[in-house]
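In our numbering, the protein residues as written are 26 to 416.
Where is the CB? At the ideal position from N, CA and C, for every residue including glycine.
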Ligand SMILES: [Mg+2]
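Following this line, the structure appears as structure tokens:
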């Protein structure tokens with residue numbers, strides 16, 4: 026989400042004073058956060074509060090910051106001022122510029138969640154598609170980043186593409202083509218006029234900074250195009266540390282707090298659930314009914330963890346009532362699974378009659394064979410390491 030905020034801040038100066046100079050100064054005292062940052066932070070704040078009532082959070086944050094640089098769009102102002110705000114059929118790019126936190130959050134329903142984040146105001150089909158295209162492109166970017174890491178190059182990016190994101194606009198992503206010259210200096214605030222351009226720019230970028238520079242110097246809706254490009258480019262290239270620090274220095278304390286808290290939470294969530302990620306974009310649809318049972322339990326586990334870490338603590342408390350935590354941990358280690366996931370599985374299959382973890386182990390053997398248990402060699406190495414550390 027910081028990618029969106031940086032794109033917004035960097036582009037803010039050029040929203041009503043467009044530039045085509047690629048080498049423009051990124052940060053100056055004429056830059057500020059705008060509506061794109063406020064709405065992005067509102068979406069993140071909703072997720073942090075276990076809520077998908079995005080409208081309520083966007084309403085609250087926009088009322089708190091009624092006059093950001095560049096202001097808000099006309100219909101959106103009416104929505105903010107209303108005490109009973111209703112969606113107004115918008116297909117403006119506002120739904121796409123605020124959606125990036127959902128692309129970082131652990132969710133199996135990014136399709137639905139991103140639609141929800143749009144629909145509280147932008148309930149036009151194009152408004153919803155715009156938000157969905159951004160989170161799907163972020164998912165594509167994440168895949169590329171996971172596969173190639175720092176070895177990712179612009180050549181690989183162009184070859185592999187952002188198939189899911191682009192696929193929302195083009196049935197055959199290989200046919201996707203945008204003529205940037207036709208978009209130059211054209212102030213288009215629609216989703217369908219902005220998001221495909223953003224995708225094209227990201228596809229032809231060499232780094233985060235390059236993507237932002239291309240977006241802003243197009244002379245279009247600079248801050249919002251910057252925010253959308255920044256959302257996806259962050260997932261793809263990462264952001265240089267100096268740029269993160271610089272951007273944070275423009276933000277008021279309460280906005281900064283949400284950004285920091287969101288960052289911390291997503292890291293923790295990823296660590297806890299890295300084994301679950303397998304199902305998100307891979308073989309989920311090909312699973313047998315039996316394996317789907319295991320997958321459903323994982324979904325339940327991640328669902329609760331995504332909502333509150335207090336749940337992991339509760340699960341562990343329940344587990345220790347049955348067996349010592351060390352026993353659970355051994356089983357979890359054998360299958361390289363988080364212990365709270367093993368506890369969630371046990372909740373489904375252990376009855377009060379069970380006097381051991383045998384049936385849990387049987388379940389793990391049946392459903393997690395694809396995840397290789399630690400080999401004897403690895404175990405030995407681990408024990409040796411522990412012994413050495415004890416000394
Ligand atoms: Mg703006």
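Going by other Cβ atoms of all chains shown within 10 Å of its Cβ, with 16 needed for buried, is residue i buried or exposed?
i	result
residue 267	exposed
residue 205	exposed
residue 38	buried
residue 351	exposed
residue 76	exposed
residue 45	exposed
residue 92	exposed
residue 40	buried
residue 147	buried
residue 199	exposed
residue 99	exposed
residue 165	buried
residue 119	buried
residue 123	buried
residue 259	buried
residue 189	buried
residue 54	exposed
residue 156	buried
residue 265	exposed
residue 151	buried
residue 391	exposed
residue 279	exposed
residue 233	buried
residue 197	exposed
residue 297	Per-residue confidence for residue 297 stands at a pLDDT of 49, beneath the threshold of 50, marking its modelled position as unreliable; no derived number is given.
residue 218	buried
residue 108	exposed
residue 135	buried
residue 349	exposed
Apart from the five residues on each side of it in sequence, which residues of its chain come closer than 6 Å, Cβ to Cβ, to residue i?
i	result
residue 97	60
residue 154	193
residue 70	82, 283
residue 422	Any property of residue 422 remains undetermined from this structure, which presents the chain solely from 26 to 416.
residue 161	189, 190
residue 409	none
residue 64	83, 123
residue 158	190, 193, 220
residue 373	322
Output needed for residue i: all residues of its chain with C-beta closer than 8 Å, excluding positions within five of it in sequence on either side, in chain order.
i	result
residue 239	47, 226, 229, 230, 254
residue 49	39, 238, 241, 242
residue 269	27, 31
residue 7	Absent from the model: residue 7. The displayed extent of the chain is 26 to 416, so no value can be given.
residue 105	84, 87, 88, 91, 97
residue 209	45, 243, 244, 245
residue 62	29, 30, 33, 34, 93, 252, 276, 280
residue 177	169, 170, 261, 262
residue 181	169, 173
Kindly list the residues whose CB is nearer than 7 Å to the CB of residue i, restricted to its own chain and excluding five residues on each side of it in sequence; keep chain order.
i	result
residue 303	At residue 303, the pLDDT of 49 sits below 50, so the modelled position is not reliable; the number obtained from the coordinates is stated separately. Around residue 303: no qualifying Cβ.
residue 144	112, 153
residue 370	322, 385, 388
residue 149	114, 115, 116
residue 79	68, 71, 141, 142, 145
residue 367	353, 356, 357, 385
residue 167	260
residue 307	Interpretation of residue 307 is limited by its pLDDT of 47, a score under 50 that renders its predicted location unreliable; the figure taken from the coordinates is listed afterwards. Cβ neighbours of residue 307 beyond the five flanking positions: none.
residue 42	none
Since residue i is in the alpha helix (DSSP H), which residue starts that stretch and which ends it?
i	result
residue 126	125 to 129
residue 74	It is not in any alpha helix (DSSP H) - residue 74 carries neither H nor E in the DSSP assignment.
residue 245	Element bounds for residue 245: n/a, residue is neither H nor E.
residue 365	364 to 374
residue 359	350 to 359
residue 165	150 to 173
residue 392	383 to 392
residue 183	179 to 185
residue 208	205 to 208
residue 263	From DSSP, residue 263 is part of no alpha helix (DSSP H); its letter is neither H nor E.
residue 114	Looking at the DSSP string, residue 114 is not in any alpha helix (DSSP H), and its letter there is neither H nor E.
residue 202	From DSSP, residue 202 is part of no alpha helix (DSSP H); its letter is neither H nor E.
residue 138	135 to 144
residue 379	Unbroken run through residue 379: none, as it is neither H nor E.
residue 147	Here residue 147 belongs to no alpha helix (DSSP H), and DSSP marks it neither H nor E.
Counting only C-beta atoms, is residue i closer than 8 Å to chain B at any point?
i	result
residue 344	In the displayed structure, chain B is absent; only one protein chain is listed.
**Report entry** Completely contained alpha helix (DSSP H) runs for the stretch 210 to 242, where each covers 4 or more residues
**Finding:** 216 to 228, 233 to 241
Requested in this report: When you get a sec, list the residues whose CB is within less than 7 Å of any heavy atom of ligand 1, chain order please.
Outcome: 33, 37, 40, 59, 60, 61, 95, 248, 249
Requested in this report: Just list the alpha helix (DSSP H) runs in the stretch 27 to 106, keeping only unbroken ones of 4 residues or longer that don't cross its boundaries, in chain order.
Outcome: Counting whole runs of 4 or more residues, the stretch 27 to 106 contains the alpha helix (DSSP H) stretches 27 to 37, 60 to 73, 79 to 89, 99 to 106.
Query raised in the report: Which residue spans inside the stretch 265 to 297 form an unbroken alpha helix (DSSP H) run of at least 4?
Result: 266 to 273
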